[in-house]
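Numbering of the sequence shown is given in the numbering used here, commencing with residue 25 and proceeding in unit increments.
Don't be surprised by glycine CBs; every beta carbon is placed ideally from N, CA and C.
Keep in mind the model is a prediction, meaning the values are calculated, not measured.
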Amino acid sequence: MPSVSISIVLYNNTVKTVNNLVRNIEKSTNDLSDVKLYLVNNSPENESLTTYLRTFESTGWIKTIVPETNGGFGSGNNLVLPYLHSDYHIVMNPDIMMVDCKINPNAVRTKKISFP
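This is how it looks when you write it as structure tokens:
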């Protein structure tokens with residue numbers, strides 16, 4: 025089965041919003057065997073969010089990235105590129121929820137892009 029990765033850039037999101045987002049992604053990808061979620065924390069001064077994100081360190085499927093400076097959405101997603109080894113990658117906003125859907129990488133046929 026193909027592997028899937030997802031990146032989400034966070035900025036001053038509430039713990040509740042991120043928790044709902046992570047649970048939604050977990051539910052939508054539970055049929056896949058190889059899923060990685062990259063959460064880019066562009067607001068490390070948000071102590072409650074930063075503390076909450078640390079709880080994912082031991083999950084194995086969620087990685088939190090904290091940039092030295094907030095370069096915005098594009099820059100945040102670019103920080104994920106060195107970690108990517110998946111067959112498919114999804115860039116999501118934190119206000120996106122998957123409703124009544126499952127991620128099915130077999131439904132999409134694309135050419136794989138390699139990064140140096």
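Which residue's Cα is closest to the Cα of residue i: the options?
{"i": "residue 43", "options": "90, 55 and 78", "result": "78"}
{"i": "residue 119", "options": "65, 37 and 51", "result": "37"}
{"i": "residue 10", "options": "51, 83, 49 and 64", "result": "Since the displayed the chain opens at 25 and closes at 140, residue 10 lies outside it and no answer follows."}
{"i": "residue 90", "options": "29, 25, 53 and 33", "result": "33"}
{"i": "residue 30", "options": "49, 40, 41 and 94", "result": "49"}
{"i": "residue 92", "options": "67, 58 and 39", "result": "67"}
Looking at the structure shown, is residue i part of a helix, part of a strand, or coil, going by DSSP?
{"i": "residue 103", "result": "coil"}
{"i": "residue 83", "result": "coil"}
{"i": "residue 114", "result": "strand"}
{"i": "residue 108", "result": "coil"}
{"i": "residue 31", "result": "strand"}
Could one say the Cβ of residue i lies closer than 9 angstroms to chain C's Cβ atoms, at least one of them?
{"i": "residue 97", "result": "Within the model displayed, chain C is absent; a lone protein chain is all it includes."}
Thinking C-beta only, is residue j closer than 9 angstroms to residue i?
{"i": "residue 122", "j": "residue 51", "result": "yes"}
{"i": "residue 46", "j": "residue 80", "result": "yes"}
{"i": "residue 55", "j": "residue 110", "result": "no"}
Item checked: Touch test, the region 115-125 against the region 64-79, Cβ-Cβ under 8 angstroms, three pairs minimum -> no
Check: What are the uninterrupted segments assigned as beta strand (DSSP E) that are 3 or more residues long and contained completely in the region 36-101, given in chain order?
Finding: 59-65 and 86-89
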